[in-house]
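Converting from the sequence shown to UniProt numbering requires adding 276 to each position, the first position being numbered 1. Where a beta carbon is used, it is the ideal one built from N, C-alpha and C, also for glycine. The model shown is predicted, which means the values in this text are computed figures rather than measured ones. Structure record follows, encoded as structure tokens.
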Amino acid sequence: KAKQQGRNTLQTFTYDINQKLTQRVTLRNDLQEAITQEQFELHYQPLLTRDGDIHGFEALVRWNHPVKGPISPGLFIPIAEETGQIIGLSQWVMERAAKDFLKLQPLLPNHCRMAVNLSPMQFHRPSFLSSLRKTLEVTGLPPTALELELTEGILMNDTEAAIDTLHALRGMGISITIDDFGTGFSSLSYLRHLPIDKIKIDRSFILNIVESSKDAAVVQGIIALAHHLELNVVAEGVETSAQQQHLLALNCDVLQGFLFAKPMPFEPLTHWLAVQQQNAL
Ligand code: C2E
Ligand code: MG
Ligand code: MG
Ligand code: MG
Numbered sequence: 277k278a279k280q281q282g283r284n285t286l287q288t289f290t291y292d293i294n295q296k297l298t299q300r301v302t303l304r305n306d307l308q309e310a311i312t313q314e315q316f317e318l319h320y321q322p323l324l325t326r327d328g329d330i331h332g333f334e335a336l337v338r339w340n341h342p343v344k345g346p347i348s349p350g351l352f353i354p355i356a357e358e359t360g361q362i363i364g365l366s367q368w369v370m371e372r373a374a375k376d377f378l379k380l381q382p383l384l385p386n387h388c389r390m391a392v393n394l395s396p397m398q399f400h401r402p403s404f405l406s407s408l409r410k411t412l413e414v415t416g417l418p419p420t421a422l423e424l425e426l427t428e429g430i431l432m433n434d435t436e437a438a439i440d441t442l443h444a445l446r447g448m449g450i451s452i453t454i455d456d457f458g459t460g461f462s463s464l465s466y467l468r469h470l471p472i473d474k475i476k477i478d479r480s481f482i483l484n485i486v487e488s489s490k491d492a493a494v495v496q497g498i499i500a501l502a503h504h505l506e507l508n509v510v511a512e513g514v515e516t517s518a519q520q521q522h523l524l525a526l527n528c529d530v531l532q533g534f535l536f537a538k539p540m541p542f543e544p545l546t547h548w549l550a551v552q553q554q555n556a557l
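Pasting the structure below:
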């Protein structure tokens, strides 16, 4: 019986793997056409200061597949990374985010920035800095209106070169955030050496911050450490006002999450902004 079960499990297992592989191969082929056929769209999620002012926006890419419908970036970004298609996609993201932000800028407080997620492959390319400079020039986005989100993993290999790149970016006036903080390698000592501006605490730590005193302690520790290093702290995935209150009590600087706004296409975002400003009067 056990043998029989073992064989079935193995069969299901190989079947699952085959399905996943087929799905990946199909998506990979479809990605090729997706850029030229403009199947991508950017959504923007507001980030708010602890006083409720607009701090900026995060650009989040969406893929509207002509047959399969919307596909999550959590699924297709890793595939695009493997195939190198991420380079073309990232270029499109940066340009679109820059253009959209310039349209919004007259409606925004001065210090607002557009945050764009960087992929490891993009960051480690020798031409990364020069192509970014060119994109800023062509679009007219001031570097002081741009924020780049990097994960810890990006900075772990070839740390020396990564630090040089970060210095160059900050020299231009670009702001740097460590995204999903706490989920990666998290050697805390590396924070001392990195020229960065902010850390964004991963959603998994925010999720149970009210119920779990351990999670709350971790968040409290991260925020205290960051402030000692003169870094700002963002919390992502804030969904309830209880979480918000907790984070404010722990001195969190910036909040992002469905409680305030979901990621939105450009048009709804302009309406959201109008309502926001109406309420501020
Ligand atoms: P991320 O950079 O950590 O982005 C935050 C994710 O959390 C987004 O998922 C956002 O929609 C989601 N989120 C925000 N607030 C809440 C909340 O209150 N509750 C819940 N449950 N979720 C919330 P999304 O848009 O599916 O993106 C997933 C990941 O895909 C991103 O994680 C980022 O790593 C990657 N990604 C998205 N757009 C890009 C891009 O243009 N370039 C690159 N390289 N990666 C991207
Ligand atoms: Mg991000
Ligand atoms: Mg994040
Ligand atoms: Mg995340």
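Neighbourhood of residue i by C-beta, 7 Å cutoff - its chain only, sequence neighbours within 5 removed
i, result
"Leu526", "Val495, Gln496 and Ile499"
"Asn340", "Gln315, Glu317 and Pro346"
"Asp306", "His341"
"Ala518", "Val486"
"Ala310", "Phe316 and Trp339"
"Arg372", "Leu318"
heavy atom of ligand 1 below 6 Å from residue i C-beta
i, result
"Gly533", "yes"
"Glu428", "no"
"Leu348", "For the sequence presented, residue 348 should be read as Ser rather than Leu. Checking the Cβ of Ser348 against ligand 1 gives yes."
"Val369", "yes"
"Glu515", "yes"
"Gln544", "According to the sequence provided, residue 544 is Pro. The question's Gln does not apply to it. No, Cβ of Pro544 sits at least 6 Å from all heavy atoms of ligand 1."
"Pro396", "no"
"Pro539", "yes"
"Ile498", "no"
"Ile353", "yes"
Residue span of the alpha helix (DSSP H) that contains residue i, given as start and end
i, result
"Gly345", "Gly345 -> not in any alpha helix (DSSP H); beta strand (DSSP E) instead, spanning Gly345 to Ile347."
"Ala438", "Thr435 to Met448"
"Glu413", "Phe404 to Thr415"
"Leu524", "Ser517 to Ala525"
"Met540", "That residue, Met540, is in no alpha helix (DSSP H); it is neither H nor E in DSSP."
"Gly396", "Correcting the residue type first, residue 396 is Pro in the shown sequence and not Gly. Looking at the DSSP string, the run of the alpha helix (DSSP H) that includes Pro396 is Pro396 to His400."
"Val514", "Per DSSP, Val514 belongs to no alpha helix (DSSP H) and is neither H nor E."
"His504", "Ser489 to His504"
"Gln532", "It is not in any alpha helix (DSSP H) - Gln532 carries neither H nor E in the DSSP assignment."
"Asp376", "Ile362 to Leu380"
"Arg468", "Tyr466 to His469"
Contact test: residue i Cβ vs ligand 2 heavy atom, cutoff 6 Å
i, result
"Asn393", "yes"
"Glu423", "no"
Residue span of the beta strand (DSSP E) that contains residue i, given as start and end
i, result
"Asp455", "Ser451 to Phe457"
"Asn340", "Ile330 to His341"
"Leu422", "Leu422 to Thr427"
"Ile477", "Lys474 to Ile477"
"Arg389", "Arg389 to Asn393"
"Gln313", "Unbroken run through Gln313: none, as it is neither H nor E."
Residues near residue i by beta carbon distance below 8 Å, same chain, minus five either side
i, result
"Leu505", "Leu467 and Arg468"
"Gln553", "Leu383"
"Leu336", "Leu318, His319, Tyr320, Gln321, Pro349, Asn393 and Pro539"
Sequence-distant residues of the same chain with beta carbon closer than 6 Å to residue i, five excluded per side
i, result
"Asp455", "Glu425, Thr427 and Lys476"
"Asn393", "Glu425"
beta-carbon residue i near ligand 5 non-hydrogen atom, thresh 6 Å
i, result
"Val337", "Ligand 5 is not among the ligands present in this structure, which contains only ligand 1, ligand 2, ligand 3 and ligand 4."
Residues near ligand 3, criterion Cβ-heavy atom distance below 5 Å = Any residue whose Cβ sits closer than 5 Å to a heavy atom of ligand 3 makes the list: Asp455, Asp456 and Glu512.
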